[in-house]
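Numbering (the UniProt record's numbering), first residue to last: 1 to 240.
And the structure:
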């Protein structure tokens, strides 16, 4: 794996807080405009090349939109939706007993995807499953789409249909550096000291587990898009 300092993760996927707000606002506004024009926001995705097409205008478009009770989600409501499905990613990964690295990569893929798109344009349940599938591939823990879909009682074709649009939206920047690797580095640095006895080694194991749990919570915040993995680990007590 390449070094973080020269990675696309560091160069292209660490943002300032206002950058995130601008991206989410742009996607939300675009979806609201599509809803006003077509009466729906769901975009059609070509499963072969990931190309996007807008929905067809409804025949009675003018009458329907004027009287429709369908309203676009606010940016705040979209954020709640994203966090909900990020928690679902964690649940799926735990159910399959995937390593923390796969879980973290899938969540970061999901976060990056929705910097470009609104949850009103692409269903987050479908994108969530596709991110888990892509993460398993990249982290060399391959699980077939059929096995993943069967394990959570979902149509595996949904995963395959959205794979290309997810990869394109990530600009094919698939190498992700997770905070858990930084935790392991800190633990290794302390390990020799803790071998001295007095129960310190067991205490270190307990602290390792606690740190992983805290970072699991941090992964549901904006922190992975704002800070480097090492900073996430060092600052988790002061964020969120």
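For glycine and all other residues, C-beta sits at the position ideal for the given N, C-alpha and C.
Predicted model, so just to flag it, every value in this text is computed and none were measured.
Secondary structure of residue i, DSSP reduced to three states
i: residue 183; result: helix
i: residue 119; result: coil
i: residue 127; result: helix
i: residue 132; result: helix
i: residue 90; result: helix
i: residue 221; result: coil
i: residue 176; result: coil
i: residue 154; result: coil
i: residue 227; result: coil
i: residue 143; result: coil
i: residue 96; result: coil
i: residue 24; result: helix
i: residue 107; result: helix
i: residue 171; result: coil
i: residue 7; result: coil
i: residue 65; result: Residue placement at residue 65 is flagged as unreliable, the pLDDT there being 45, under the threshold of 50; a coordinate-derived value is accordingly withheld.
i: residue 18; result: helix
i: residue 39; result: coil
Through-space distance from residue j to residue i, alpha-carbon basis
i: residue 16; j: residue 224; result: 11 Å
i: residue 209; j: residue 232; result: 16 Å
i: residue 122; j: residue 91; result: 21 Å
i: residue 39; j: residue 46; result: 21 Å
i: residue 159; j: residue 133; result: 7 Å
i: residue 24; j: residue 141; result: 32 Å
i: residue 75; j: residue 221; result: 15 Å
i: residue 13; j: residue 108; result: 10 Å
i: residue 73; j: residue 138; result: 33 Å
i: residue 56; j: residue 29; result: 19 Å
i: residue 173; j: residue 10; result: 11 Å
i: residue 205; j: residue 88; result: 27 Å
i: residue 19; j: residue 226; result: 10 Å
i: residue 81; j: residue 156; result: 22 Å
i: residue 101; j: residue 181; result: 8 Å
Buried or exposed (CB count within 10 angstroms, at least 16 for buried), residue i
i: residue 113; result: buried
i: residue 31; result: buried
i: residue 36; result: exposed
i: residue 144; result: exposed
i: residue 169; result: buried
i: residue 215; result: buried
i: residue 162; result: buried
i: residue 146; result: exposed
Residues that DSSP places opposite residue i in a beta bridge
i: residue 71; result: Answer by DSSP bridge pairing: none, since residue 71 is not bridged.
i: residue 53; result: 44
Proximity of residue i and residue j at Cβ, strictly below 9 Å
i: residue 242; j: residue 86; result: This structure cannot settle anything about residue 242, because the visible part of the chain is limited to 1 through 240.
i: residue 96; j: residue 151; result: yes
i: residue 118; j: residue 178; result: no
i: residue 136; j: residue 166; result: no
i: residue 127; j: residue 7; result: no
i: residue 44; j: residue 52; result: yes
i: residue 41; j: residue 120; result: yes
i: residue 4; j: residue 217; result: no
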